[in-house]
Amino acid sequence: MAAVITADHLTIGWGDFVLMKELCFEIEEGDIFVILGGSGCGKSTLLRNIVGLEQPMGGTISVLGKQPHEHETPPYGVMFQSGALFGSMSLLDNVQLPLQKWTDLDAGAIEDVARARLRLVALDGYEHFMPSELSGGMKKRAGIARALALEPRLLLLDEPSAGLDPISAVELDDLILTLSGNLGVTTVMVTHELPSVFKVARRCIMLDKQAQAIIADGDPHLLKDSEDPRVHRFFNREPSTGAAS
């Protein structure tokens, strides 16, 4: 399959501080691709570079053959860790926002599309609820509905399971798999939740803060048996040698 995202010797960070350097990888269309690594290694920064919210310090990142900022209409939908819903707006109004900004559809058509997206994530009947009236899992699903408003080819999820109870996390994993299968959307997910990784990821990369590089790339089930001790410890939840008990 063709690559929809390509990182070519990509260096990321902020100011003069380098987080990761010389990253090279491709994400194929229809994939569920997970970015892994310890806290502070640059996972979310990499995601923000992919969508053009931050600029590379070196190298390039291309999305569907263009630099992220070159797209007239975003070819991706993004759900950040908090869900990023506007608390003063109903779910329906939240989902309508991208359609109002990026399309010329009339109000009736926009509402129809927004309602359809909420149905996709099993939130039909909650259109007029406020975010404060929802559980954590429902807020995440609403965030995904808004991310899908423009029928994007790419869905980017930043820590989607963060803060969820185990049952809600499993339900969200199931939703991600369903959306991938039914819509064919390419999904890029940042997470450190290994149960989610093993359930949904077809491929993952692992970033290492000290090495400032990708130290693993492949099927997470195979990476459990990696000969690299850093990778093996991460995937098997083993403490570093010499760590306090």
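Mapping to my numbering: the sequence shown position 180 is 181, numbers consecutive.
Yeah, the Cβ is synthetic: ideal placement off N, Cα and C, and Gly gets one too.
Buried versus exposed call for residue i [16 or more other C-beta atoms within 10 Å across all chains shown]
i      : result
Leu54  : exposed
Gln97  : buried
Gly138 : buried
Glu71  : exposed
Asp32  : buried
Asn50  : buried
Gly126 : exposed
Cys42  : buried
Ile168 : exposed
Glu239 : exposed
Ser246 : Caution applies to Ser246, whose pLDDT of 38 falls short of 50 and renders its modelled position unreliable; the model cannot decide the point.
Ser40  : exposed
Ser89  : exposed
Glu194 : buried
Cys205 : buried
Asn237 : exposed
Which of helix, strand or coil DSSP assigns to residue i
i      : result
Arg147 : helix
Gly78  : strand
Lys102 : helix
Lys225 : coil
Asp94  : helix
Glu30  : coil
Thr23  : For the sequence presented, residue 23 should be read as Glu rather than Thr. Looking at Glu23 - three-state DSSP - the assignment turns out to be strand.
Leu135 : coil
Ala245 : Summary for Ala245: the model assigns pLDDT 46, below 50, so the residue's position carries little reliability, and this model does not support an answer.
Lys210 : coil
Ser40  : coil
Arg142 : helix
Beta-ladder partner(s) of residue i, from DSSP
i      : result
Asp9   : Thr61
Gly88  : Answer is none; Gly88 lacks a bridge partner.
Phe130 : Partner(s): none; Phe130 has no beta bridge.
Leu54  : Paired residue(s): none; Leu54 is not in a bridge.
Thr192 : Thr192 is not bridged to any residue.
Gly109 : Gly109 pairs with nothing; no bridge assigned.
Val35  : Met190 and Cys205
Ala4   : Glu29
Bounding residues of the alpha helix (DSSP H) (the contiguous stretch that carries residue i)
i      : result
Lys44  : Lys44 to Ile51
Leu124 : That residue, Leu124, is in no alpha helix (DSSP H); it is neither H nor E in DSSP.
Arg203 : Neither: Arg203 is in no alpha helix (DSSP H) and is coded neither H nor E.
His72  : Unbroken run through His72: none, as it is neither H nor E.
Arg234 : Pro230 to Phe236
Residue range of the unbroken beta strand (DSSP E) whose run includes residue i
i      : result
Gly16  : Careful: Gly16 lies outside any beta strand (DSSP E) and carries neither H nor E.
Gly66  : Careful: Gly66 lies outside any beta strand (DSSP E) and carries neither H nor E.
Ala214 : Ala214 to Gly219
(request) Run through the stretch 145–186 for me and flag every whole beta strand (DSSP E) of 3 or more residues, listed as ranges in chain order. (result) You should have 155–159.
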